[in-house]
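Worksheet: the structure to be examined is printed underneath.
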Amino acid sequence: MNHRRKKRYGRRAGSQRICAGCRDLIHRARGLRLVLSPDGELRPDLYAKLPGRGVHLCPNRNCLEKALKTNSLARTLQFPVRNVDAHQIWNSFIQACRDQILSILSVCLRSGWLATGRNKVEEACEKKRAAAIILSQDASTSLVRWIHNRIHPQGIPIIQALTNDEHALFGRGKPVAVSAVLHRGMSKRLTEEANKLKHLTESMASYLQLERSQLTAKTVHGKMPTQRAGNAQ
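Quick note, this note's numbering runs 22 ahead of the 1-based positions in the sequence shown.
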């Protein structure tokens, strides 16, 4: 019996997107997406799930500025874009990424895939169960030295994306500075989100530093031409 396949008409979007700022090709999973809401506002869509017409950007703060200055966002969205706060948009991307990391860790905690505390982390590493290590950004120097001397040589990914206060949410009421993820799939997702968060924060910091240096740059003023003795009155 012959089965005929139905033809699908129309263009199917692949995994590559064009950045509205630098016009380079970027992978859909590594890029950022802005969506035009029904009320005409730009909303960050970090995971490409919101409906509506969207535009893609590299995870680089300068690309957002270029897209705004060249009016590329308005041309792509086919809608006038005004009064856009670039800092607010970028901070929304950063916050969405941090929320996703916290959400993944919450799933790991409920499912029993999270070992918190130095002793449990060391035990998980000895039993070859640790898939990723979560280390607080403001962890003590001795703990950081222990992690890099004992765990880093084993090739286990080390993620520093949370503060001590955020990490304490998964310590069942106790302060936590280090934990281990025991699920391979979840550790992969956490590593991807942590890398994306790192790119976003570093890009924001470098842009602010450049902006600050431009504002505080000293202007060079020319000297007044000296008058000749014969022309002096």
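Even glycine gets a Cβ: it sits at the ideal position worked out from N, Cα and C. None of the values given here were measured: they were computed from a predicted structure.
Item: Closest Cα partner of Arg151 within the set Gly76, Val143, Ser158; Value: Val143
Item: Whole-angstrom distance between Phe101 and Val203, CA atom to CA atom; Value: 44 Å
Item: Contact set for Met226: own chain, Cβ-Cβ below 6 Å, skip 5 residues either direction; Value: Arg83, Trp112
Item: Integer-rounded CB distance, given that Ser201 should sit under 8 Å from Ile156; Value: 5 Å
Item: Within the segment 54-128, ranges of the beta strand (DSSP E) (whole runs, at least 3 residues); Value: 54-58, 64-66, 76-79
Item: Buried/exposed call for Ser94, threshold 16 Cβ in 10 Å; Value: buried
Item: Residue nearest to Cys41 in terms of C-alpha spacing, selected from Leu86, Arg65, Lys71; Value: Leu86
Item: Rounded C-alpha distance that separates Arg194 from Asn217; Value: 27 Å
Item: Extent of the continuous alpha helix (DSSP H) run through Ala137; Value: Per DSSP, Ala137 belongs to no alpha helix (DSSP H); it is in the beta strand (DSSP E), 136-138.
Item: Integer-rounded CB distance, given that Ser114 should sit under 8 Å from Pro73; Value: Pro73 to Ser114, Cβ: 18 Å. No contact.
Item: As assigned by DSSP and simplified to three states, the class of Leu204; Value: coil
Item: Alpha-carbon spacing of Cys44 relative to Arg75, whole angstroms; Value: 20 Å
Item: Minimum C-alpha distance to Ser209 - residue among Lys149, Cys130, Ala118, Ser228; Value: Cys130
Item: Cutoff 8 Å; reference Tyr229; Cβ partners in own chain excluding five residues on either side; Value: Arg83, Asn84, Glu87
Item: Closest by C-alpha distance to Ile180, when choosing among Ser133, Gln110, Leu165; Value: Leu165
Item: Own chain partners of Thr223 with C-beta closer than 7 Å, once the 5 adjacent residues on each side are dropped; Value: Ile116
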